[in-house]
Amino acid sequence: MRPIKLAINGLGRIGRTILRQVVLAKAPSPFHITHLNDICGLEMTAYLLRFDSVYGELPAHIETTADTLVLDGCRIPFTESPSFDVQLSDTDIVLDCTGKAHTREFAELGLHAGADKVLISGPSSVADVTVVLGANEADIADARIVSNASCTTNALAPLIKLLDQNWGLISAHMTTIHCYTGSQPMVDAPRGDMARSRAGALSMVPTTTSAEALVAAVLPDMASRLTGSAVRVPTASVSAIDIVAQFRELPQDDVVLELREIADSAELIGYTDYPNVSADMRGRPESVILALPETRQLGRQQLRVFGWYDNEWGFSARMLDMTQRLMKADFETGD
1457 MRPIKLAING
1467 LGRIGRTILR
1477 QVVLAKAPSP
1487 FHITHLNDIC
1497 GLEMTAYLLR
1507 FDSVYGELPA
1517 HIETTADTLV
1527 LDGCRIPFTE
1537 SPSFDVQLSD
1547 TDIVLDCTGK
1557 AHTREFAELG
1567 LHAGADKVLI
1577 SGPSSVADVT
1587 VVLGANEADI
1597 ADARIVSNAS
1607 CTTNALAPLI
1617 KLLDQNWGLI
1627 SAHMTTIHCY
1637 TGSQPMVDAP
1647 RGDMARSRAG
1657 ALSMVPTTTS
1667 AEALVAAVLP
1677 DMASRLTGSA
1687 VRVPTASVSA
1697 IDIVAQFREL
1707 PQDDVVLELR
1717 EIADSAELIG
1727 YTDYPNVSAD
1737 MRGRPESVIL
1747 ALPETRQLGR
1757 QQLRVFGWYD
1767 NEWGFSARML
1777 DMTQRLMKAD
1787 FETGD
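Written as C-alpha coordinates, this is what we have:
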(Lines of atoms letter the chains of each structure in order from A and count residues from 1; the text may use other names and numbers.)
(Lines give C-alpha, C1' and ligand atoms only; values in the text may rest on other atoms or scores of the structure.)
Protein backbone atom coordinates (compact mmCIF):
# COMPACT_ATOMS: atom_id res chain seq x y z
CA MET A 1 0.00 0.00 0.00
CA ARG A 2 1.32 3.45 -0.89
CA PRO A 3 2.08 5.96 1.89
CA ILE A 4 -0.77 8.21 3.01
CA LYS A 5 -0.05 11.72 1.78
CA LEU A 6 -0.57 14.28 4.54
CA ALA A 7 -0.36 18.05 4.81
CA ILE A 8 -0.20 19.72 8.23
CA ASN A 9 -1.79 23.12 8.80
CA GLY A 10 -0.59 24.46 12.13
CA LEU A 11 2.66 23.38 13.77
CA GLY A 12 2.01 23.97 17.43
CA ARG A 13 2.36 21.27 20.08
CA ILE A 14 0.23 18.68 18.25
CA GLY A 15 1.33 19.53 14.71
CA ARG A 16 5.01 19.26 15.61
CA THR A 17 4.48 16.08 17.64
CA ILE A 18 2.74 14.47 14.66
CA LEU A 19 5.64 15.51 12.45
CA ARG A 20 8.10 14.06 14.98
CA GLN A 21 6.28 10.74 14.91
CA VAL A 22 6.35 10.65 11.11
CA VAL A 23 10.10 11.36 11.13
CA LEU A 24 10.69 8.64 13.74
CA ALA A 25 8.46 6.04 12.05
CA LYS A 26 10.23 2.85 11.05
CA ALA A 27 10.87 2.43 7.34
CA PRO A 28 8.95 1.98 5.20
CA SER A 29 6.86 4.79 6.65
CA PRO A 30 3.10 4.61 6.09
CA PHE A 31 3.05 8.42 5.78
CA HIS A 32 4.42 11.04 3.39
CA ILE A 33 4.25 14.75 4.26
CA THR A 34 3.38 16.84 1.21
CA HIS A 35 3.10 20.32 2.73
CA LEU A 36 3.54 22.28 5.97
CA ASN A 37 1.91 25.58 6.90
CA ASP A 38 2.34 27.74 9.99
CA ILE A 39 2.19 31.46 10.59
CA CYS A 40 5.18 31.46 12.96
CA GLY A 41 7.62 31.02 10.05
CA LEU A 42 10.01 28.39 8.76
CA GLU A 43 13.08 29.11 10.89
CA MET A 44 11.13 29.16 14.15
CA THR A 45 9.28 25.98 13.19
CA ALA A 46 12.57 24.22 12.41
CA TYR A 47 14.04 25.34 15.74
CA LEU A 48 11.03 24.22 17.81
CA LEU A 49 10.93 20.92 15.95
CA ARG A 50 14.63 20.26 16.62
CA PHE A 51 14.64 21.25 20.32
CA ASP A 52 11.63 20.25 22.41
CA SER A 53 11.41 20.90 26.15
CA VAL A 54 9.29 17.77 26.71
CA TYR A 55 10.62 15.21 24.22
CA GLY A 56 14.20 16.40 23.77
CA GLU A 57 16.19 16.96 20.60
CA LEU A 58 14.85 15.30 17.47
CA PRO A 59 17.40 12.78 16.14
CA ALA A 60 17.11 13.95 12.54
CA HIS A 61 19.06 16.16 10.16
CA ILE A 62 17.10 19.40 9.77
CA GLU A 63 17.79 22.09 7.20
CA THR A 64 15.83 24.97 5.69
CA THR A 65 15.82 26.77 2.36
CA ALA A 66 13.76 29.80 1.41
CA ASP A 67 10.48 27.86 1.38
CA THR A 68 11.35 24.28 2.26
CA LEU A 69 11.91 22.25 5.42
CA VAL A 70 14.39 19.46 4.78
CA LEU A 71 14.10 16.48 7.15
CA ASP A 72 16.69 13.75 6.69
CA GLY A 73 16.97 14.72 3.05
CA CYS A 74 13.20 14.84 2.45
CA ARG A 75 12.17 18.26 1.10
CA ILE A 76 8.79 19.51 2.34
CA PRO A 77 7.26 22.72 0.94
CA PHE A 78 6.51 25.28 3.68
CA THR A 79 4.15 28.26 3.64
CA GLU A 80 3.07 30.90 6.17
CA SER A 81 -0.55 31.47 5.11
CA PRO A 82 -3.05 32.39 7.88
CA SER A 83 -5.91 31.30 5.61
CA PHE A 84 -4.13 28.20 4.26
CA ASP A 85 -4.25 29.74 0.79
CA VAL A 86 -2.15 27.02 -0.83
CA GLN A 87 -2.45 24.61 -3.70
CA LEU A 88 -2.04 20.96 -2.78
CA SER A 89 -1.43 18.33 -5.38
CA ASP A 90 -2.03 14.67 -4.67
CA THR A 91 -2.71 15.10 -0.93
CA ASP A 92 -5.04 12.67 0.80
CA ILE A 93 -5.69 14.41 4.12
CA VAL A 94 -4.99 17.79 5.69
CA LEU A 95 -4.36 17.61 9.42
CA ASP A 96 -5.78 20.86 10.77
CA CYS A 97 -3.81 21.46 13.95
CA THR A 98 -4.42 25.20 14.20
CA GLY A 99 -7.07 25.03 16.93
CA LYS A 100 -9.10 27.46 14.79
CA ALA A 101 -11.51 25.14 12.96
CA HIS A 102 -14.59 26.60 14.63
CA THR A 103 -16.40 27.69 11.45
CA ARG A 104 -17.30 25.55 8.48
CA GLU A 105 -15.51 28.02 6.21
CA PHE A 106 -12.23 27.53 8.07
CA ALA A 107 -12.67 23.76 8.37
CA GLU A 108 -13.10 23.50 4.60
CA LEU A 109 -9.83 25.29 3.78
CA GLY A 110 -8.00 21.99 3.36
CA LEU A 111 -10.62 20.76 0.91
CA HIS A 112 -10.40 23.98 -1.10
CA ALA A 113 -6.62 23.58 -1.17
CA GLY A 114 -7.07 20.23 -2.92
CA ALA A 115 -7.05 17.53 -0.24
CA ASP A 116 -9.64 14.77 -0.15
CA LYS A 117 -10.34 15.03 3.59
CA VAL A 118 -9.63 17.16 6.65
CA LEU A 119 -8.87 15.76 10.12
CA ILE A 120 -9.18 18.32 12.93
CA SER A 121 -6.95 17.89 15.99
CA GLY A 122 -9.52 18.87 18.56
CA PRO A 123 -13.23 19.38 19.20
CA SER A 124 -15.14 21.05 16.36
CA SER A 125 -18.89 21.49 16.15
CA VAL A 126 -18.67 22.12 12.40
CA ALA A 127 -17.07 18.78 11.49
CA ASP A 128 -19.18 16.22 9.68
CA VAL A 129 -18.58 13.82 12.55
CA THR A 130 -16.54 13.47 15.74
CA VAL A 131 -14.77 10.12 15.94
CA VAL A 132 -12.74 8.40 18.66
CA LEU A 133 -10.94 5.21 17.76
CA GLY A 134 -12.13 2.39 19.96
CA ALA A 135 -15.48 4.09 20.49
CA ASN A 136 -17.33 5.04 17.29
CA GLU A 137 -15.08 4.64 14.24
CA ALA A 138 -18.00 3.01 12.41
CA ASP A 139 -19.57 6.49 12.24
CA ILE A 140 -16.96 7.77 9.75
CA ALA A 141 -18.92 6.60 6.68
CA ASP A 142 -18.24 9.10 3.88
CA ALA A 143 -17.42 12.11 6.10
CA ARG A 144 -14.91 14.51 4.58
CA ILE A 145 -14.28 16.70 7.67
CA VAL A 146 -13.66 14.72 10.84
CA SER A 147 -12.90 15.88 14.37
CA ASN A 148 -10.53 13.69 16.39
CA ALA A 149 -12.16 14.96 19.62
CA SER A 150 -9.81 15.76 22.52
CA CYS A 151 -6.93 13.96 24.20
CA THR A 152 -9.05 13.31 27.31
CA THR A 153 -11.96 11.99 25.24
CA ASN A 154 -9.60 9.60 23.47
CA ALA A 155 -8.44 8.34 26.86
CA LEU A 156 -11.92 8.06 28.35
CA ALA A 157 -14.34 6.94 25.63
CA PRO A 158 -12.77 3.59 24.61
CA LEU A 159 -12.22 2.65 28.26
CA ILE A 160 -15.69 3.56 29.48
CA LYS A 161 -17.22 1.68 26.53
CA LEU A 162 -15.34 -1.50 27.45
CA LEU A 163 -16.16 -1.18 31.15
CA ASP A 164 -19.82 -0.81 30.26
CA GLN A 165 -19.73 -3.82 27.94
CA ASN A 166 -18.11 -5.98 30.59
CA TRP A 167 -19.87 -4.96 33.81
CA GLY A 168 -22.81 -2.71 32.96
CA LEU A 169 -22.15 0.93 33.85
CA ILE A 170 -24.82 2.60 35.98
CA SER A 171 -23.11 5.98 36.45
CA ALA A 172 -19.63 7.45 36.69
CA HIS A 173 -17.72 10.63 37.38
CA MET A 174 -14.38 11.28 35.74
CA THR A 175 -11.80 13.83 36.86
CA THR A 176 -8.97 14.55 34.47
CA ILE A 177 -5.78 15.58 36.23
CA HIS A 178 -4.37 17.52 33.32
CA CYS A 179 -0.99 19.16 32.78
CA TYR A 180 -1.01 22.85 31.92
CA THR A 181 -1.35 23.88 28.28
CA GLY A 182 -0.82 26.93 26.11
CA SER A 183 -4.36 28.10 26.90
CA GLN A 184 -3.19 29.03 30.42
CA PRO A 185 -1.00 32.02 31.29
CA MET A 186 2.40 31.53 32.92
CA VAL A 187 1.73 34.59 35.11
CA ASP A 188 -1.66 35.78 36.34
CA ALA A 189 -3.43 37.28 33.32
CA PRO A 190 -7.06 37.67 32.25
CA ARG A 191 -8.74 34.70 30.60
CA GLY A 192 -12.43 33.90 30.15
CA ASP A 193 -12.37 31.62 33.18
CA MET A 194 -11.29 33.30 36.43
CA ALA A 195 -9.47 30.28 37.85
CA ARG A 196 -7.70 29.64 34.55
CA SER A 197 -6.51 33.26 34.62
CA ARG A 198 -4.02 32.22 37.32
CA ALA A 199 -0.41 31.21 36.63
CA GLY A 200 -0.60 27.68 35.24
CA ALA A 201 2.76 26.49 36.58
CA LEU A 202 2.16 27.68 40.13
CA SER A 203 -1.25 26.26 41.14
CA MET A 204 -3.62 23.39 40.73
CA VAL A 205 -6.58 24.89 38.88
CA PRO A 206 -10.08 23.38 39.12
CA THR A 207 -11.83 23.80 35.77
CA THR A 208 -14.07 22.13 33.21
CA THR A 209 -13.39 19.57 30.50
CA SER A 210 -14.93 19.14 27.07
CA ALA A 211 -14.64 15.37 27.47
CA GLU A 212 -18.03 15.01 29.18
CA ALA A 213 -19.90 16.45 26.18
CA LEU A 214 -17.63 14.77 23.64
CA VAL A 215 -18.06 11.30 25.15
CA ALA A 216 -21.82 11.86 24.95
CA ALA A 217 -21.36 12.78 21.29
CA VAL A 218 -19.39 9.66 20.36
CA LEU A 219 -21.25 7.35 22.78
CA PRO A 220 -24.77 8.82 23.00
CA ASP A 221 -25.97 6.19 25.46
CA MET A 222 -23.48 7.59 27.99
CA ALA A 223 -25.01 11.06 27.99
CA SER A 224 -27.07 10.50 31.16
CA ARG A 225 -24.58 8.25 32.93
CA LEU A 226 -21.30 10.20 32.91
CA THR A 227 -20.12 13.50 34.34
CA GLY A 228 -16.68 15.04 34.21
CA SER A 229 -14.45 17.74 35.63
CA ALA A 230 -10.80 18.76 35.45
CA VAL A 231 -7.91 19.95 37.56
CA ARG A 232 -5.01 21.55 35.70
CA VAL A 233 -1.75 20.79 37.50
CA PRO A 234 1.77 22.31 37.30
CA THR A 235 3.42 19.67 35.10
CA ALA A 236 4.42 20.10 31.46
CA SER A 237 3.30 16.74 30.06
CA VAL A 238 1.21 13.63 30.74
CA SER A 239 -2.27 13.70 32.24
CA ALA A 240 -4.54 11.21 33.98
CA ILE A 241 -8.18 10.22 34.24
CA ASP A 242 -9.58 9.24 37.64
CA ILE A 243 -12.94 7.45 37.36
CA VAL A 244 -15.28 6.47 40.18
CA ALA A 245 -18.13 4.38 38.80
CA GLN A 246 -21.11 2.31 39.83
CA PHE A 247 -21.74 -0.95 37.96
CA ARG A 248 -24.54 -3.50 37.90
CA GLU A 249 -22.20 -6.24 39.11
CA LEU A 250 -18.42 -6.35 39.43
CA PRO A 251 -16.32 -9.54 39.50
CA GLN A 252 -16.35 -11.45 42.76
CA ASP A 253 -12.70 -12.40 42.51
CA ASP A 254 -9.83 -10.34 41.08
CA VAL A 255 -11.06 -7.17 39.38
CA VAL A 256 -7.46 -6.16 38.59
CA LEU A 257 -6.96 -9.37 36.66
CA GLU A 258 -10.07 -8.66 34.62
CA LEU A 259 -8.98 -5.06 34.00
CA ARG A 260 -5.68 -6.42 32.68
CA GLU A 261 -7.58 -8.76 30.37
CA ILE A 262 -9.73 -5.86 29.15
CA ALA A 263 -6.59 -3.88 28.34
CA ASP A 264 -5.03 -6.87 26.58
CA SER A 265 -8.11 -7.15 24.36
CA ALA A 266 -7.99 -3.49 23.31
CA GLU A 267 -5.31 -2.28 20.93
CA LEU A 268 -5.25 1.30 22.22
CA ILE A 269 -5.40 0.62 25.98
CA GLY A 270 -2.29 -0.25 27.94
CA TYR A 271 -1.61 -0.97 31.59
CA THR A 272 1.13 -0.90 34.17
CA ASP A 273 1.61 -2.98 37.30
CA TYR A 274 4.26 -0.61 38.68
CA PRO A 275 3.81 2.35 41.05
CA ASN A 276 4.53 4.81 38.25
CA VAL A 277 4.47 8.60 38.20
CA SER A 278 3.50 10.83 35.31
CA ALA A 279 7.06 11.26 33.98
CA ASP A 280 7.24 7.50 33.39
CA MET A 281 4.41 7.78 30.85
CA ARG A 282 6.02 10.42 28.65
CA GLY A 283 6.07 9.29 25.03
CA ARG A 284 3.65 6.37 25.52
CA PRO A 285 1.46 6.02 22.39
CA GLU A 286 -1.63 4.37 23.93
CA SER A 287 -4.86 6.32 24.35
CA VAL A 288 -4.81 5.43 28.07
CA ILE A 289 -2.55 3.33 30.32
CA LEU A 290 -4.35 1.79 33.29
CA ALA A 291 -2.49 2.16 36.58
CA LEU A 292 -3.57 -1.16 38.05
CA PRO A 293 -2.11 -0.59 41.57
CA GLU A 294 -4.48 2.39 41.88
CA THR A 295 -7.60 0.25 41.38
CA ARG A 296 -10.04 0.31 44.30
CA GLN A 297 -13.19 -1.80 44.60
CA LEU A 298 -15.91 -1.24 47.20
CA GLY A 299 -18.43 -4.07 47.36
CA ARG A 300 -19.98 -5.51 44.21
CA GLN A 301 -20.82 -2.24 42.49
CA GLN A 302 -18.34 0.61 43.09
CA LEU A 303 -14.95 0.82 41.37
CA ARG A 304 -12.20 3.39 41.09
CA VAL A 305 -10.09 3.20 37.90
CA PHE A 306 -7.05 5.40 37.27
CA GLY A 307 -5.33 5.78 33.90
CA TRP A 308 -2.41 7.80 32.53
CA TYR A 309 -2.25 9.36 29.06
CA ASP A 310 0.36 11.44 27.30
CA ASN A 311 -1.99 14.16 26.10
CA GLU A 312 0.38 15.19 23.30
CA TRP A 313 2.17 12.03 22.17
CA GLY A 314 -0.76 9.65 22.55
CA PHE A 315 -3.22 12.05 20.91
CA SER A 316 -0.83 12.67 18.01
CA ALA A 317 -0.50 8.92 17.54
CA ARG A 318 -4.30 8.70 17.31
CA MET A 319 -4.30 11.46 14.68
CA LEU A 320 -2.03 9.34 12.51
CA ASP A 321 -4.05 6.20 13.24
CA MET A 322 -7.19 8.08 12.25
CA THR A 323 -5.72 8.99 8.86
CA GLN A 324 -5.30 5.28 8.20
CA ARG A 325 -8.88 4.62 9.28
CA LEU A 326 -10.12 7.41 6.99
CA MET A 327 -8.26 5.89 4.05
CA LYS A 328 -9.76 2.51 4.91
CA ALA A 329 -13.22 4.10 4.92
CA ASP A 330 -12.53 5.44 1.42
CA PHE A 331 -11.58 1.95 0.28
CA GLU A 332 -14.69 0.41 1.83
CA THR A 333 -17.02 2.95 0.18
CA GLY A 334 -15.18 2.80 -3.13
CA ASP A 335 -14.18 6.49 -3.15
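Under the numbering used here, think of the first position of the sequence shown as 1457, with each following residue one higher.
Ideal Cβ placement from N, Cα and C applies to all residues, glycine included.
Run the CB neighbour count on residue i, radius 10 Å, all protein chains shown included, and call it buried at 16 or more, exposed below.
i: G1763; result: buried
i: R1560; result: exposed
i: V1643; result: exposed
i: I1489; result: buried
i: F1487; result: buried
i: L1759; result: buried
i: L1480; result: exposed
i: G1638; result: exposed
i: K1573; result: buried
i: F1562; result: buried
i: H1491; result: buried
i: R1652; result: buried
i: P1579; result: buried
Between the options, which has its C-alpha nearest residue i's C-alpha?
i: I1633; options: I1495, G1570, N1767, I1518; result: N1767
i: N1592; options: M1678, R1531, A1735; result: M1678
i: G1755; options: E1705, W1769, A1785, R1738; result: E1705
i: L1670; options: L1589, A1686, A1613; result: A1613
i: G1590; options: A1611, A1597, L1682; result: A1611
i: V1510; options: S1666, R1476, A1667; result: R1476
i: L1746; options: A1773, P1662, V1711, P1646; result: V1711
i: N1465; options: G1555, E1519, V1526, L1748; result: G1555
i: Y1765; options: Q1757, V1733, D1548, R1752; result: V1733
i: D1546; options: R1531, I1532, C1553, G1570; result: G1570
i: V1588; options: T1665, A1672, I1549, F1507; result: A1672
i: Q1702; options: R1688, N1493, A1628, V1661; result: A1628
i: R1531; options: V1542, D1595, A1502, I1725; result: A1502
i: D1709; options: F1771, V1602, Q1753, A1667; result: Q1753
i: I1725; options: L1776, L1467, L1618; result: L1618
Provide the residue(s) that pair with residue i in DSSP beta bridges, ordered along the chain.
i: H1634; result: R1688
i: G1763; result: I1697, L1746
i: T1728; result: A1747
i: S1721; result: Looking at the DSSP assignment, S1721 forms no beta bridge with any residue, so it has no partner.
i: K1617; result: Partner(s): none; K1617 has no beta bridge.
i: T1586; result: S1603
i: I1532; result: L1525
i: Q1753; result: L1759
Tell me whether residue i sits in a helix, a strand or coil according to DSSP, three-state version.
i: D1710; result: coil
i: A1701; result: strand
i: N1493; result: strand
i: I1626; result: strand
i: M1780; result: Going by the sequence as given, residue 1780 is Gln instead of Met. DSSP places Q1780 in helix when its eight states are reduced to three.
i: I1460; result: strand
i: L1575; result: strand
i: G1739; result: coil
i: N1610; result: helix
i: E1768; result: coil
i: D1598; result: coil
i: S1580; result: coil
i: A1806; result: What is shown of the chain runs 1457 to 1791, which leaves residue 1806 out entirely.
Fully enclosed by the segment 1639–1688, which beta strand (DSSP E) runs are 3 residues long or longer?
1661–1663
Ignoring anything shorter than 3 residues, give me the beta strand (DSSP E) runs that lie fully in the segment 1534–1571, in order along the chain.
1549–1552
Could you pull out every unbroken alpha helix (DSSP H) segment of at least 4 residues lying fully inside the segment 1462–1530, listed in chain order?
1469–1480, 1498–1506
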